[in-house]
Structures are given as structure tokens and as C-alpha cells.
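There are 2 protein chains.
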Amino acid sequence: MKRKLFERGGQDKDRVTLADVAAHVGTSTITVSRAIRRPEMVSEALRKRIAEAVDTLGYVPDPAAQALASRRSRVIGVLIPSVTNSVFADVLSGLYDTVGKTAYSVQVGNTRYDPLTEEELTRVFIGQRPAGLIVAGIDQTSNTKAMLERAGCPVIQIMEFADGPIDSMIGFSHRDAARAATEHLIAQGYKAPGFIGARMDPRSQRRLNGFRQALQEADIPIGCREITTVDPSRVGLGASLLDTLLERAPETDAVFCNNDDLALGVQFGAQRRGLKIGAEFGICGFNDLEVMAAAYPAITSVRTFRREMGMLALQTVLDNLDDPEKQPTVTDLGYELMARASTDRQTGR
Amino acid sequence: MKRKLFERGGQDKDRVTLADVAAHVGTSTITVSRAIRRPEMVSEALRKRIAEAVDTLGYVPDPAAQALASRRSRVIGVLIPSVTNSVFADVLSGLYDTVGKTAYSVQVGNTRYDPLTEEELTRVFIGQRPAGLIVAGIDQTSNTKAMLERAGCPVIQIMEFADGPIDSMIGFSHRDAARAATEHLIAQGYKAPGFIGARMDPRSQRRLNGFRQALQEADIPIGCREITTVDPSRVGLGASLLDTLLERAPETDAVFCNNDDLALGVQFGAQRRGLKIGAEFGICGFNDLEVMAAAYPAITSVRTFRREMGMLALQTVLDNLDDPEKQPTVTDLGYELMARASTDRQTGR
DNA sequence: AACATGAATGACAGCGCTGTCATTACTTGA
DNA sequence: TCAAGTAATGACAGCGCTGTCATTCATGTT
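Going down the list, the protein sequences come from chains E and R. One gets this note's numbering by counting positions in the first sequence from 1 and adding 1121 to each. One gets this note's numbering by counting positions in the second sequence from 1 and adding 1121 to each.
Structural data, given as C-alpha cells:
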């Protein structure tokens, strides 16, 4: 097995530059550059010949040189707390789809739910002179916020809808969505709904607040039906948190879960206990992953628009880049309660 | 709401460069550069003063300038067919974790299971002079392969274990893993195992081959118990493919699914039909997502080491970068059959 | 005929850093 | 004592591109 060494020059010899294309066409480098970036500034005849030369020579622009010369990279930085969490995976999918064939690329930073990591990544990202920044949430440190305000590029906060955006914002109210879910449980006739939450980050905390608010407005005492942990969410965790909940508060007849993984785990746990899902015990998740509708019985959840959020965030960056005078926008994508068998007290009767 | 315009210079005025640091310390830029990149080449006293200056001035290197001058970026390109699929999300998680605090960053390209998109992305990535490339699978077009061979950087193929690697390779044999799963079904006493597969990409095809091989070796005719579709996998699809399977081949008493989403959907579908999981109908998935063990009943699956694959791939790139003469490696991460209730014929008896 | 206008193109410097080679100040062994 | 080595630092050019300003030339205007 022969080994190529990764020494410099190995592949630089045959790198095709703007100058090569220009020489091939018999024009200047700057014209080639313009033919690619602002075709309307170059006569059609020349443009065509340049396009051909680019094709035959296989010219690919050097993004580093572009970034250095223009003082702007074509990288759109994305800061999210987790890449595994399917919620963020969906957002990413929307981002990647929209960035698709544009000249931009997205670069993802994983903050791991840590504000200081987020701050550090923000510093590094801004050091790259990004074309835009998309950050999850509104709970940045004040340093991070200050940097984002002076970033000199569009900044989009996603996953939340709240006051005081840094620039643009696209999301929904976690509190309202959670309250709607809890109100649904109450409306269905459950008398003692509980809350199960994992990874109690600020977003989860807001959901808990929504849950509390709904109970309070319905004059239902919360008792000790709030079970939370800082551990990351897993399906398996749902069942064990259910055990804890029913031990501490045996009166519980329904549960609103922080997210769908937990809800699915709660359902498995309830089935193992022999509880009749829906009739005896109501379950509501959050996000409405695809599995919720497919489960047996199907599980109620609050649908959130994650792919749409990613697509819209990316599109907003592109729009701002097109028109730098564009005003910041604040968009509420809302939510939708998907009522299913798991909160239907007639089911299985 | 006052709008900042994203005009150039907006934030460039206060950009701190190597020259600023050098002036502050009273040395040359090249020495500052060395103090950062190869500290052992600079005397300890100077190094310390430079470090302080970097801190107080808040110097952040410009990756574009670094890449342009050194003819190497610090970007590690990753080409995967999907970002939503939790299999690849796990791989990504391993990559991000390992790249962590290194000076490198990963940039993900989404090929959407399309070889031509993959080819185009490869061209773009190589144009960035990446530090390394990590590509999923072995089914690249010949153009893509040719480009990868001349990439001038480490290239790691992941998710597969096969002959003829481009450079290094880290994965496992999908055929062997699928065969092991099928053999397990047979050993458990199921007489007519079927196959359910979605998104029949090359990897899925290899799994199907493993399934066939196991049946053949056990002298079990396949009949019409192979149900496949090119549609992307979803939990909901599992149940409908199960319907098709049982309609076409009512004798089917077990099923090996292409992946865990389908297996979960099959289980829900089987429950809806009133089948006793395990005793009457065996189910085996592929990948062993966390939900499989948590499901009720727990579902048998073939565990694959996706995070590990991501971590090892990234580490292999770093190792190659450290020592450019390092020989390519080919690693089989294997698989592990996780036998659970869903393939236990005694369960629920 | 003289001049303004705008479209198309080009010259040139320089973005911020690093590879390369040179220089300086110290050792060290014979 | 001195050639020869070594550690520490610096000078300089240039990576590939784009912003800026200059130039050319056809066209229209008075």
C-alpha cells in the first residue's frame, strides 16, 4: 500500500486560479472575478467565454482568498446546544436544505448546553467574519450578547419567541405551548396532571412555567407531581421518572412531558405497569416527532415547526445579505396541539 | 428599532491582528505567529508576554488568512447522506465531540443520498484545501474517487468495512451484521423470517444480501417475504410495510428490519393487530437506537458503534495530520447482537 | 464639433497570515 | 582560541482574491 505524504504543494501545483482562467480567455483576473460574482457587469460575449474557460479548466474559487480579500466569509455560523437531539437535527436539516446550492455554507458549533462554550464559539465564529449567525435560544451570557450585537452581520435567534431580540428572531413561546398542552389534559378531564422533565435547560424551564400556569388557572394544586432531572433526555428515562412520579404522587392520572422521548418512555412504562393509556392515564409529549403519531396507542403532542424554523432562519440571513437595509424581523411560528389516543379517556374503555 | 447596516468596515476597524500583538509586545509578527502555533520555538519569557498581549488585546486568528498563507485550511470536511437520520446524527456527535477544543472545525455536506451531489460537494470541499475529509460509504462515483485520491489530505471512509479503501476506512460489514441478525431469528426457532427495508441505498442492499445469505444457508426459501421501498424510513412506514408483508406472505412469523425506526413501527403495527410480540411474531431491528431497549416489549437489534465511528474517524484525521507518514488504517468496528424480548418465543406465553 | 455620460474593462494595492531563508547571539568540543 | 553548531528571532515575499479608482470607448446631447 503506497502512502502519499500530505506535504504542501502536493496538490497545489495543479490548482487553477483566476489568473489561469484570465490568461486562457485573454482578459484580466478582475474581469473573471466579476463575471462570476456580478455577471451583469460583464458583456455577454466575454461572460460566455469566461464561463467556458471556467468549465474546461475546472476552476473552483478559493474561499480563503475570497474571505481575506473581501473581509467577509461565506460561512453562516450556527450555534446549537446538541446535534444528536432530533429537535436540533430537524432544524439543521432545514438549514442545510435551504443553504443548498447557494454560495454559502453553514458551520455548526455545538455548545453542549453550556453558555461559556457558547461564548467561546461565538468569539471564534465572529473571528471568521461570518456572513451570518444563527443561534439557538435567548439565554446567552452578556458577553456573548455584546459580541453578537457588534458582529457586523445578520444574527438570527431561533427556537424562542420573546422580547428584546438581538436582531431577528424566529421561534415560538415554549410557555404558551406547554400551557396549551396542560390545558388540553385538564379539558380532557384528567384531575391530577403531573410534569416530567429532563435536561432542565432554560427552554424546559419555560415549559414547566407554562404547565404551572395552566394548573394554577384551573385551581388544581400541583402537589409533588413535578419530576425533573438535569440528565439528558432518553426514552428509557421516561419510564424511571414515571416510577418516581407515581411513587411520590400516586394520584397522578396524566402527565405532560418535556419532550417526546420522555413521553414515549412514559408510555412504555405505563404499559409495563398495566395502565390503560388514555382511559386511565393520559400522556402528552412535546415537539410531535414522527413516532408519536405512529405509536400504539398514538401519543398526543404539541407540534413545533423545527424544519420550518431552520429554513426560515437561513432564508432570513440570505434576505438580509441581499438587502443590508432590511429591518430585523420577529416571527412567531406558533405550535399545534395534536390530540391523539393517549389523552382520550374514552379509548380502550 | 435602529438598524445597523452590514457594510464593510463595520467591525473591521477594531480587528486585532498579529501585527497589533507584535507591536504591543515589541517583537515581530512572525514570532507572535510562532508563539501561537509552535510555542517550543519561542523563548519562555517572550512566549509569556505574547500570551498576555493576546489575552488583553483579545486577538483571534483569521482562519482565512491562515488558510491562504499556509495553503491548508483547518476545516475537516464531512460528507454524509442525511443529517436527520439519527444514525448519522450519532456519527456527527462523535465527530463534534472529538474535534472539540482542537484548532480544527468540521464542515458537513449533505449529499442527500445522491452520488452527483456528493461529487459536487467533494469538488467544493477540496477547493477549500481541507485538513481532512471524512466520507460516508464506499459508493462514490469514479470522478469522486479520483478527486479523493488526489485530495492531498487524509481521507477517511466510514460506515463500511470493505476492500479497496481510498485511504483509511472505519466501519463494519453491513452484510455480516444483517446475516447475524437473521441467523438469530432462525436460531430462536422462527420458521419464516421476512425482510422489511426502506430507503434501499447501497448499505441497505448489503443488509438485504446478508439476510438472503442466512436464509439460504439454513435452507429456508425466501418466498415473497422481502418488502422494500425507496421511500425514506419512518416509524409509520414500519406498520404499513408489515401490512403488505403479511398480506403477501401470511406465513411470516418474524421480520428483520433494515433499521430501528421500521422495527419500532412494525412492533406498533403488530400490537395493533393483536399479535403477541416474541411468542407469535419476532422482530429484529438494526443499529440499536436507545429506544429499542426501552420499548415494551424491548426490541432485539444489532448494535452498531456510530459515535465511536465518528470519534475514531476524527481522531484518525488528527493522527495523520500529526504524522504525515502514518500509514492508512482499516478498522472493523464490528457489531453486537442485542437479543431482547421481541425475539424471545417464550415471552408472553 | 465639443463635451458629458455610462458601460465595460483594467491596474494596483493589500487583506492577515505563514514558508523560507537569513541573521544574531550563545554554546561547545578540540 | 576558534570553527561549528544550535537556539531564538527577524525580513520578506506572496498565498488568490477583491475594493477602489482609473481608463477606454461608444453613444447621445447641445
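Ideal placement from N, C-alpha and C gives every residue a C-beta, glycine not left out.
Spatial neighbours of R:Leu-1139 in its chain, beta-carbon cut-off 7 angstroms, leaving aside the 5 residues before and after: Here the set comprises Thr-1150, Val-1153, Ser-1154.
Supposed contact pair E:Gly-1198 and E:Gly-1230 - C-beta distance, whole angstroms, cut 8 angstroms: Taking the Cβ atoms as the reference, E:Gly-1230 lies roughly 6 angstroms from E:Gly-1198, within the contact range of under 8 angstroms.
Backbone secondary structure at E:Asp-1453 - three-state DSSP: In this structure, E:Asp-1453 counts as strand in the three-state DSSP scheme.
Ranges of the alpha helix (DSSP H) found wholly within the segment 1256-1286 of chain R, counting only runs of at least 4: Segments of the alpha helix (DSSP H) lying fully in the segment 1256-1286 of chain R: 1263-1270.
Local Cβ density within 10 Å of E:Met-1459, reported as buried at 16 or more and exposed below that: Buried is the call here.
Minimum C-alpha distance to E:Ile-1317 - residue among E:Glu-1338, E:Gln-1337, E:Gly-1403: Restricting attention to E:Glu-1338, E:Gln-1337, E:Gly-1403, the CA atom closest to the CA of E:Ile-1317 is found in E:Gly-1403.
Three-state secondary structure (DSSP) of R:Ile-1420: Here R:Ile-1420 sits in coil by DSSP.
Range covered by the beta strand (DSSP E) that runs through R:Met-1290: Looking at the DSSP string, the run of the beta strand (DSSP E) that includes R:Met-1290 is 1289-1292.
Straight-line gap, R:Ala-1462 to R:Thr-1425 (C-alpha atoms, nearest Å): The alpha-carbon atoms of R:Ala-1462 and R:Thr-1425 are separated by roughly 19 angstroms.
Alpha carbon of R:Asp-1443 to alpha carbon of R:Glu-1161, nearest angstrom: Take the alpha-carbon of R:Asp-1443 and the one of R:Glu-1161: they are about 16 angstroms apart.
Cα-Cα separation between E:Arg-1394 and E:Ile-1287, rounded to whole angstroms: Between E:Arg-1394 and E:Ile-1287, the alpha-carbon positions lie close to 48 angstroms from each other.
Under 7 angstroms from the C-beta of E:Gly-1386: neighbouring residues of chain R: Simply Ala-1415.
Outcome for R:Glu-1270 when other beta-carbon atoms lying within 10 angstroms are tallied against a minimum of 16: It counts as exposed.
E:Val-1163 versus E:Ala-1186 - alpha carbon distance: Going from the Cα of E:Val-1163 to the Cα of E:Ala-1186 covers about 22 angstroms.
Cβ-based burial, R:Leu-1126 [other Cβ within 10 Å; buried from 16]: Its pLDDT being 40, under 50, R:Leu-1126 is placed unreliably by the model, and the measurement read from it follows with that caveat. By the beta-carbon neighbour count (other beta carbons within 10 angstroms, threshold 16), R:Leu-1126 is exposed.
Any C-beta of chain E under 8 angstroms from that of R:Leu-1200: Not a single CB atom of chain E sits nearer than 8 angstroms to the CB of R:Leu-1200.
Any chain R beta carbon closer than 8 angstroms to E:Arg-1461: For E:Arg-1461, no CB of chain R lies under 8 angstroms from its own CB, so it is not counted at the interface with that chain.
CB contact below 8 angstroms: R:Tyr-1225 versus chain E: With a threshold of 8 angstroms between beta carbons, R:Tyr-1225 makes no contact with chain E.
Cβ shell of E:Tyr-1217 (< 7 angstroms), same chain only, five flanking positions each side left out: In chain order, Val-1227 place their CB closer than 7 angstroms to the CB of E:Tyr-1217, counting only its own chain and leaving out the 5 sequence neighbours on each side.
9 angstroms Cβ cut-off: residues of chain E touching R:Gly-1496: Because chain R here runs from 1122 to 1470, residue 1496 of chain R falls outside it and cannot be looked at.
Where E:Met-1459 falls: helix, strand or coil (DSSP): In the three-state reduction of the DSSP assignment, E:Met-1459 falls in the strand class, which pools E and B.
8 angstroms Cβ cutoff, R:Phe-1282 in contact with chain E: Output row for R:Phe-1282: interface = no.
Helix, strand or coil at E:Ala-1375 [DSSP, three-state]: Strand.
Below-8 angstroms beta-carbon distance, E:Asp-1235 vs any chain R residue: No, its Cβ sits nowhere closer than 8 angstroms to a Cβ of chain R.
Min CB distance R:Ser-1194 to chain E below 8 angstroms: Taking CB atoms only, R:Ser-1194 has a neighbour in chain E less than 8 angstroms away.
Start and end residues, alpha helix (DSSP H) containing R:Pro-1236: Residues 1236-1248.
Whole runs of the beta strand (DSSP E) within the segment 1341-1373 of chain R, excluding any shorter than 3 residues: Within the segment 1341-1373 of chain R, the runs of beta strand (DSSP E) at least 3 residues long that lie entirely inside it are, in chain order, 1347-1349.
DSSP bridge partner residues for E:Pro-1314 (one or two, in chain order): Under DSSP, E:Pro-1314 takes part in a beta bridge, and its partners are E:Ala-1375.
Beta-carbon neighbours of R:Thr-1205, restricted to chain E and to distances below 9 angstroms: The contacting residues are Ser-1207, Ala-1210, Asp-1211, Leu-1213, Ser-1214, Arg-1428.
Under the three-state DSSP convention, the category R:Val-1181 falls into: Looking at R:Val-1181 - three-state DSSP - the assignment turns out to be coil, as it is neither helix nor strand.
Close Cβ partners of E:Thr-1464 (< 8 angstroms) along its chain, the five nearest in sequence each way excluded: Correct list, in chain order: His-1305, Leu-1306, Gln-1309, Tyr-1311, Ala-1375, Gly-1399, Gly-1403, Ile-1404, Cys-1405, Thr-1421.
Collapsed DSSP secondary structure at E:Val-1137 in the structure displayed: In the structure shown, E:Val-1137 sits in coil (DSSP, three-state: anything other than H, G, I, E or B).
Pairwise C-alpha distance: R:Arg-1428 and E:Phe-1332: Rounded to the nearest whole angstrom, the C-alpha separation of E:Phe-1332 and R:Arg-1428 is 35 angstroms.
Through-space distance from E:Ser-1294 to E:Thr-1238, alpha-carbon basis: Distance from the CA atom of E:Thr-1238 to the CA atom of E:Ser-1294, rounded to whole angstroms, is 25 angstroms.
Neighbourhood of E:Thr-1350 by C-beta distance below 6 angstroms, restricted to the same chain and skipping five residues each side: The residues Ala-1319, in chain order, have a CB closer than 6 angstroms to that of E:Thr-1350 in the same chain once the five nearest residues on each side in sequence are set aside.
Host alpha helix (DSSP H) of E:Ile-1157 (start-end): Here the alpha helix (DSSP H) through E:Ile-1157 covers 1150-1158.
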